[in-house]
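Asker: I'd like to ask some things about the structure below.
Numbering (mature numbering (1 follows the signal peptide of the UniProt record, and there is no 0)), first residue to last: -20 to -1, 1 to 519.
Shown next, in the form of structure tokens:
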């Protein structure tokens, strides 16, 4: 029931030493393609892609409809050891034990099923652009939705994610939730097939080799400037390119059309299928076009939560922005960011004695958002507000510099839209820097100035009795108790000077104001509006 026939290939001249040491990583697949091209130097990219499909004997009526038969495809000489390797890497299947085959790990941290990627690429190379949707995405989504209608208690409608036995040496990929016929890896592979197919159908990429195209797309390593200085056609920019190229209305209409010809559905089943299609399609757009790419805990190799988590009561009214400070350098690759996540979690658990990494989510400079405590668990990021808001941190020290623009945009626009649309964040949420809630430099002076220009940023206001007011985090209580306000309106302003700030303004009352020493790291004004009544504004 979970079987999914894809591509079974046999490749020639692939050194046995490579076969025995390869892992399920895209770089190994690209090495295999390079080896094929080396012994078939006269073949164009389309010849290689079609030859792979012919070697697999992979033909269905749907594929024939858009790509034709394989009578003119080149024969690729096979080797038994290569066949065994390729069958594992390309042939897609789901086992009842939750093992997914036909998936590779990419440099950007995504898990890609190769079959829909290759089908979309071939459609583009053959200029059968109308085949891009059904071959890369539509067929798998329709099959998954239909299967879910008949198995709602034991499946997801789409998008099941998974994790590798090892990030450094991936060999076994296991689903982390209930199965779906359109897993996250199949969808990501389909999106890549759609992007690459669209690209080669309208450009001179056809003259390139297959390995060169795949290498430029999947193997780009950003420099210190991160994605801001990276080329357009790379896997790290998958979501951006997909949103620019796809017609969601056309994709949905093709899905609906495909379902109208499904036999053996009674009226109740068809009504339920319509509901699943509408709900599922909206959720598909939400996950793969609205939200950033979120690397799950299992994907970055998180340790288990210590104890039992407390749960948030959604939606959250607050969003707090942090920087990690340590690690102090931005991470620009999945491997580096995942390592930083594991390092921070160890520190938070083993040194701080916390149950888990404190942040809700963490933004890398590699194009990914990393799940910390996630959407539902109470975090340990902002004292006094952990149960009232999400804490999103940027890896790096942003005291005197800013995160790269793409990372800031990912949180400022993509994450907030994702959170609001999913019900995690209130549509009227307030955004603050960490320093507005406690005595800290976080998220760094430069970055804090930047987030003051973001939507929903708030100048924090408190109204309370003066006694309570001055018992805010960061106050020097011994000095605060000396204050007595006897006038109706008076302003007391401070300048941000390290951790201790002395009131230097003329209060207009008495010298008791000069005794006020407050541990603050930001410019602050207290306006007294009555006897022992004050408002404190953070700027």
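Where is the CB? At the ideal position from N, CA and C, for every residue including glycine.
Work out the CA separation of residue 414 and residue 61 for me, nearest whole Å.
Answerer: Their Cα atoms are separated by approximately 56 Å.
Asker: For the beta strand (DSSP E) that contains residue 384, what are its first and last residues?
Answerer: Looking at the DSSP string, residue 384 is not in any beta strand (DSSP E), and its letter there is neither H nor E.
Asker: Give me the residue from 49, 28, 83 and 54 with the minimum Cα distance to residue 101.
Answerer: Here the closest residue by C-alpha is 28.
Asker: Could you name the residues that DSSP lists as bridge partners for residue 309?
Answerer: Answer is none; residue 309 lacks a bridge partner.
Asker: Determine the direct distance from the alpha carbon of residue 219 to that of residue 163, and round the result to whole angstroms.
Answerer: Their Cα atoms are separated by approximately 17 Å.
Asker: Less than 6 Å between C-beta atoms, sequence neighbours within five positions excluded: which residues of the same chain meet that for residue 78?
Answerer: 154 and 155, listed in sequence order.
Asker: For the beta strand (DSSP E) holding residue 542, just list the boundary residues, first then last.
Answerer: The displayed coordinates of the chain run from -20 to 519. Any statement about residue 542 would go beyond what the structure contains.
Asker: When DSSP labels each residue in this structure, what does residue 48 get in the three-state scheme?
Answerer: Of the three classes helix, strand and coil, the one that applies to residue 48 here is coil, per DSSP.
Asker: Identify every residue that forms a DSSP beta bridge with residue 348.
Answerer: DSSP, once it has assigned bridges, lists 273 as partnering residue 348.
Asker: So within the segment 353 to 440, which uninterrupted alpha helix (DSSP H) runs reach at least 4 residues, ignoring any that extend past its ends?
Answerer: DSSP runs (the alpha helix (DSSP H)) wholly in the segment 353 to 440: 385 to 389, 396 to 401 and 425 to 431.
Asker: With 16 other CB atoms within 10 Å as the buried threshold, where does residue 318 fall?
Answerer: The residue in question, residue 318, is buried, as its Cβ has 16 or more Cβ neighbours within 10 Å.
Asker: Straight-line CA distance for residue 21 to residue 12?
Answerer: The alpha-carbon atoms of residue 21 and residue 12 are separated by roughly 14 Å.
Asker: If residue 5 and residue 31 are in contact, beta carbons under 8 Å, what's the gap, nearest whole angstrom?
Answerer: Incorrect: roughly 23 Å between the Cβ atoms, too far for contact.
Asker: With respect to the alpha helix (DSSP H) encompassing residue 248, which residues constitute its N-terminal and C-terminal limits?
Answerer: Its alpha helix (DSSP H) spans residues 247 to 265.
Asker: Evaluate residue 308 with the Cβ neighbour count: other Cβ atoms within 10 Å of its Cβ, from every protein chain shown; 16 or more gives buried, anything less gives exposed.
Answerer: Answer is exposed; the Cβ neighbour count stays below 16.
Asker: On the DSSP bridge list, what partners appear for residue 240?
Answerer: Note: residue 240 sits in no beta bridge, so no partner.
Asker: Could you tell me whether the Cβ atoms of residue 208 and residue 305 are closer together than 9 Å?
Answerer: Cβ distance not < 9 Å, so residue 208 and residue 305 don't count as in contact.
Asker: Rounded to the nearest angstrom, what separates residue 231 and residue 167 at their Cα positions?
Answerer: The straight-line gap from Cα to Cα measures roughly 13 Å.
Asker: When you compare each of 188, 238 and 266 to residue 222 by their alpha carbons, which one comes out closest?
Answerer: Taking only the C-alpha atoms, the option nearest residue 222 is 266.
Asker: Taking only runs of the alpha helix (DSSP H) that begin and end inside the segment 165 to 251, which ones reach a length of at least 4 residues, in chain order?
Answerer: Complete alpha helix (DSSP H) runs here, min 4: 190 to 198, 218 to 225 and 228 to 240.
Asker: Have a look at 395, 96, 272 and 137 and flag the residue whose alpha-carbon is nearest the alpha-carbon of residue 70.
Answerer: Measuring from the Cα of residue 70, the nearest candidate turns out to be 96.
Asker: Taking DSSP as the reference, what is the three-state secondary structure of residue 299?
Answerer: Reduced to three states, the DSSP call for residue 299 is strand.
Asker: Cα separation between residue 123 and residue 161?
Answerer: Distance between the alpha carbons of residue 123 and residue 161: 7 Å.
Asker: To the nearest angstrom, how far is it from the Cα of residue 391 to the Cα of residue 349?
Answerer: Looking at the two C-alpha atoms, the distance is approximately 8 Å.
Asker: With DSSP collapsed to three states, give me the class of residue 142.
Answerer: Here residue 142 sits in strand by DSSP.
Asker: Can the beta-carbon of residue 411 be found closer than 9 Å to that of residue 434?
Answerer: Yes; because the gap between Cβ atoms is below 9 Å, this pair is in contact.
Asker: Can you have a look at residue 268 and say buried or exposed, based on whether 16 or more other CB atoms are within 10 angstroms of its CB?
Answerer: Counting Cβ neighbours within 10 Å, residue 268 comes out buried, since at least 16 surround it.
Asker: What residue does the alpha helix (DSSP H) around residue 109 start on, and which one ends it?
Answerer: That residue, residue 109, is in no alpha helix (DSSP H); it is neither H nor E in DSSP.
Asker: Which residue marks the beginning of the beta strand (DSSP E) containing residue 84, and which one marks its end?
Answerer: That run of the beta strand (DSSP E) goes 83 to 85.
Asker: According to DSSP, is residue 328 helix, strand or coil?
Answerer: In the structure shown, residue 328 sits in a helix (DSSP, three-state: H, G or I).
Asker: Spatial neighbours of residue 140 within its chain, please: C-beta separation below 7 Å, excluding the five flanking residues on both sides.
Answerer: Around residue 140: 155, 157, 158, 159, 160, 163 and 164.
Asker: Give me whichever residues DSSP pairs with residue 154 in a beta bridge.
Answerer: Paired residue(s): 79 and 143.
Asker: According to DSSP, is residue 323 helix, strand or coil?
Answerer: In this structure, residue 323 counts as helix in the three-state DSSP scheme.
Asker: Below 8 Å on the Cβ atoms is my contact criterion, and I expect residue 260 with residue 125 to pass it. Report the Cβ-Cβ distance as a whole number of Å.
Answerer: With 8 Å as the limit, residue 260 and residue 125 qualify as a contact, their Cβ atoms being about 5 Å apart.
Asker: Any idea if residue 356 is buried or exposed, counting beta-carbon neighbours within 10 angstroms, 16 or more meaning buried?
Answerer: So residue 356 ends up on the exposed side.
Asker: How would you label residue 325, buried or exposed, when you count the other beta carbons within 10 angstroms and need 16 or more for buried?
Answerer: With 16 or more Cβ atoms within 10 Å of its Cβ, residue 325 is classed as buried.
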